[in-house]
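Numbering (my numbering), first residue to last: 79 to 226.
Here's what the structure looks like:
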């Protein structure tokens with residue numbers, strides 16, 4: 079059996095024992111999401127995001143953490159992400175200026191603009207950049223629950 083990230087369980091063990099627990103936890107947290115609007119204020123950085131997550135869910139983490147997050151809009155789940163540094167990744171989604179940082183906004187902009195093609199070319203196009211900025215504003219009106 080190959081070990082990944084020091085996990086010594088088979089897929090069967092993970093699917094029967096581990097995953098149902100995390101899925102139940104995610105469903106619970108989806109009923110108590112964090113509003114994204116909190117994070118658009120000036121001066122909000124990774125530490126502020128971590129503090130808000132701690133406060134909202136009753137955690138006591140001093141450092142960034144790995145986990146799963148879900149962006150929802152009007153009760154519909156739009157994007158699922160995983161990261162080894164969730165607070166940093168959320169900051170990138172919110173404040174990121176590039177397609178690599180704000181992936182969700184980039185993907186929304188592709189849909190709303192009807193664009194295909196290379197990311198670099200799209201991001202240099204003024205019309206596409208307008209769609210990108212609007213997409214970032216749009217998902218800031220949403221929410222996200224966390225699975226850690």
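For glycine and all other residues, C-beta sits at the position ideal for the given N, C-alpha and C.
Note that this is a predicted model, so its numbers are computed, not measured.
Let's test the definition: count the other Cβ atoms within 10 Å of the Cβ of residue i and tell me whether it reaches 16, buried, or not, exposed.
i	result
residue 110	exposed
residue 209	buried
residue 202	exposed
residue 140	exposed
residue 112	buried
So the alpha helix (DSSP H) residue i belongs to, where does it begin and stop?
i	result
residue 147	Here residue 147 belongs to no alpha helix (DSSP H); instead the beta strand (DSSP E) covers 145-151.
residue 127	124-135
residue 201	197-202
residue 172	164-173
residue 178	From DSSP, residue 178 is part of no alpha helix (DSSP H); its letter is neither H nor E.
Taking Cβ positions, are residue i and residue j nearer each other than 8 angstroms?
i	j	result
residue 159	residue 169	no
residue 219	residue 108	no
residue 183	residue 213	yes
Where does the unbroken beta strand (DSSP E) through residue i begin, and where does it stop?
i	result
residue 154	154-161
Suppose you measure from the CA of residue i to the CA of residue j; what does that come to, to the nearest Å?
i	j	result
residue 86	residue 94	14 angstroms
residue 133	residue 122	15 angstroms
residue 181	residue 171	7 angstroms
residue 119	residue 126	11 angstroms
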